[in-house]
Amino acid sequence: MENNNILSVRNLEVKFKVRDRELTAIRNITLDIEEGKVLAIVGESGSGKSVFTKTFTGMLETNGRISNGEIWFEDRNLVEIDSDAEWEKIRGKKIATIFQDPMTSLDPVRTIGYQISEVIVKHQGKSKKEAKAMAIDLMERVGIRDAARRYDEYPFMYSGGMRQRIVIAIALACRPRILICDEPTTALDVTIQAQIIELIKELAEEYQFTTIYITHDLGVVAKVADRVAVMYAGQIIEVGGVEEVFYDPRHPYTWGLLSSLPQLGTEQNELYAIPGTPPSLFETIKGDAFAPRNQYALKIDYELEPPMFEITPTHFVKSWLADPRAPKVEKPHQIQNLHEHMVQLTSKGGDYSDQLA
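Listed below in structure tokens is the structure:
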């Protein structure tokens with residue numbers, strides 16, 4: 009693993025046993041995650057985003073297993089870990105996760121302060137007194153006012169946005185090297201979403217951790233990500249810098265995602281929707297999984313799975329259209345001038361940040 013990569017995945021495959029049938033949820037993924045950067049993993053529901061990152065913390069459901077591949081972190085192959093005791097040295101302590109519903113992460117019958125302090129005592133070996141002081145400091149860092157008084161309150165006494173801040177505080181109590189944010193703002197209103205995103209961004213700069221966002225919201229991606237990995241049917245089909253993927257996308261599925269941005273819908277232009285549905289992962293997929301939904305599909309797409317083609321040293325796409333022998337096709341009209349669209353939307357008060365302008 010190269011020095012600047014904090015985690016490297018090689019040829020990862022994940023299978024689930026479902027009612028005497030086998031489903032392949034992750035299909036041969038290879039990916040490097042750079043230390044200190046923000047990676048956004050995007051794609052439709054069911055594309056495998058959450059399953060993929062659960063393999064980093066040993067949190068697959070009991071009917072799931074890693075059937076092939078390697079996950080390298082701190083010179084160790086995480087796939088070889090086979091005990092909860094060993095996973096506890098990684099999970100939370102070095103790789104932490106924030107889930108979309110904070111109430112699934114908080115114990116309703118224990119105080120907020122206790123739940124943060126418990127993590128500090130367990131993973132940092134601090135005394136209860138030291139842990140309480142650190143917990144109050146963390147509560148203040150994540151924007152909880154009057155933290156010393158609110159230390160002894162219960163989760164139901166907090167709003168949804170405040171509970172999510174507490175979940176972030178618990179995740180940071182161990183000073184992890186990687187923070188996985190699994191749709192962390194989905195259940196919150198737009199104003200609180202923006203606050204939580206900004207908070208995570210500020211804390212990442214302060215604590216110098218690597219962030220992995222799992223999201224279907226390309227607006228969030230534009231605001232926070234350094235790199236973007238696009239997933240479809242259990243595979244990464246395009247990966248690159250955020251500007252490369254937004255302004256020079258090469259996979260027809262990525263074109264569809266970008267064309268579906270709500271901000272591009274106007275009275276004159278009906279909002280685009282990707283036709284069809286993803287393939288069944290119970291079946292063996294022949295060729296390119298996106299081919300049946302792809303108006304630009306070539307004959308070879310139905311016969312052979314495309315390799316990863318290098319567009320630039322940082323931008324890769326799994327599409328036969330990137331083969332030098334393939335016919336040249338124009339991107340959909342909705343995204344041909346995406347940069348100009350975003351500048352215009354921003355000037356009109358759209359919710360895209362300066363990164364798109």
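Numbering (this note's numbering), first residue to last: 9 to 365.
Glycine included, every Cβ here is placed at the ideal spot set by N, Cα and C.
Residue from the options with nearest C-alpha to residue i
i: ARG183; options: VAL228, VAL198, VAL129, ALA156; result: VAL129
i: LEU279; options: LYS294, THR223, PRO340; result: PRO340
i: MET147; options: LEU20, GLU43, THR119, ILE103; result: THR119
i: VAL325; options: GLU252, ILE178, SER267, GLN344; result: GLU252
i: GLY242; options: PHE24, LYS25, ASN36; result: ASN36
i: ASP331; options: GLU338, PRO314, THR322, GLN342; result: PRO314
i: ILE14; options: VAL22, LYS23, GLU42, ARG27; result: GLU42
i: ASP160; options: LEU86, ILE152, ALA179, TYR122; result: TYR122
i: PRO335; options: ALA305, VAL59, ALA237; result: ALA305
i: PRO300; options: THR292, THR285, PHE290; result: THR285
i: GLU96; options: THR61, VAL247, VAL127, GLN203; result: VAL127
i: LYS45; options: ILE208, THR70, ARG333, LEU68; result: ILE208
i: SER167; options: ALA177, ILE152, LEU346; result: ILE152
i: HIS347; options: ILE200, LEU187, SER267; result: SER267
CA-to-CA distance, residue j to residue i, given in whole angstroms
i: ASP40; j: THR194; result: 26 Å
i: ASN12; j: GLY264; result: 32 Å
i: ILE144; j: ILE282; result: 47 Å
i: TYR261; j: ILE308; result: 17 Å
i: GLU10; j: ARG84; result: Bear in mind that a pLDDT of 49 at GLU10, under 50, signals an unreliable position, so the number given afterwards is only what the model happens to contain. For GLU10 and ARG84, the distance between alpha carbons rounds to 13 Å.
i: PHE217; j: ASP234; result: 14 Å
i: TYR221; j: GLU311; result: 33 Å
i: HIS131; j: ILE343; result: 48 Å
i: ILE174; j: VAL150; result: 7 Å
i: SER55; j: SER288; result: 11 Å
i: GLU78; j: LEU47; result: 19 Å
i: LEU364; j: ARG99; result: In this prediction, LEU364 scores a pLDDT of 36, lower than 50, which makes its location untrustworthy; the coordinate-derived value is nonetheless stated afterwards. Going from the Cα of LEU364 to the Cα of ARG99 covers about 34 Å.
i: VAL198; j: ASP28; result: 42 Å
i: MET111; j: GLU338; result: 46 Å
i: ILE106; j: LEU226; result: 19 Å
i: TRP328; j: SER113; result: 42 Å
i: ILE74; j: VAL50; result: 21 Å
i: GLU69; j: ALA212; result: 29 Å
i: TYR255; j: VAL17; result: 26 Å
i: TRP80; j: ARG333; result: 35 Å
Residue i classed as buried or exposed, judged by whether at least 16 other C-beta atoms fall within 10 angstroms
i: THR32; result: buried
i: LYS136; result: exposed
i: LYS57; result: buried
i: PHE164; result: exposed
i: ARG171; result: buried
i: LYS25; result: exposed
i: ALA297; result: buried
i: GLY169; result: buried
i: LYS356; result: Reliability fails at LYS356, whose pLDDT of 47 lies under 50, so the model's placement of it is uncertain and the value that follows must be treated cautiously. So LYS356 counts as exposed.
i: ARG117; result: Reading the sequence as shown, one finds Val at residue 117 and not Arg. Burial call: exposed.
i: LYS294; result: exposed
i: PRO321; result: exposed
i: PHE290; result: exposed
i: ASN19; result: exposed
i: TYR215; result: exposed
i: GLN108; result: buried
Per DSSP, cross-strand counterpart(s) of residue i
i: GLU148; result: In DSSP, GLU148 forms no bridge with anything.
i: GLN243; result: TYR240
i: SER16; result: ASP40, TRP80
i: GLY249; result: ARG235
i: ILE34; result: VAL22
i: ARG29; result: VAL26
i: ARG99; result: ILE103
i: ALA48; result: TYR221, VAL236
Residue i Cβ short of 7 Å to the ligand ZN heavy atom set
i: ILE205; result: Of the ligands one can find in the structure shown there are none, so the ligand ZN has no counterpart to examine.
Beta carbon proximity, residue i to chain C, threshold 8 Å
i: PHE107; result: The displayed structure is made up of one protein chain only, and chain C is not part of it.
Which residue spans inside the segment 60-92 form an unbroken beta strand (DSSP E) run of at least 3?
-> 72-81
Which full runs of the alpha helix (DSSP H) of 4+ residues lie inside the segment 259-345, going along the chain?
-> 260-267, 341-344
Complete beta strand (DSSP E) runs within the segment 165-219 (minimum length 3 residues, chain order) | 186-190
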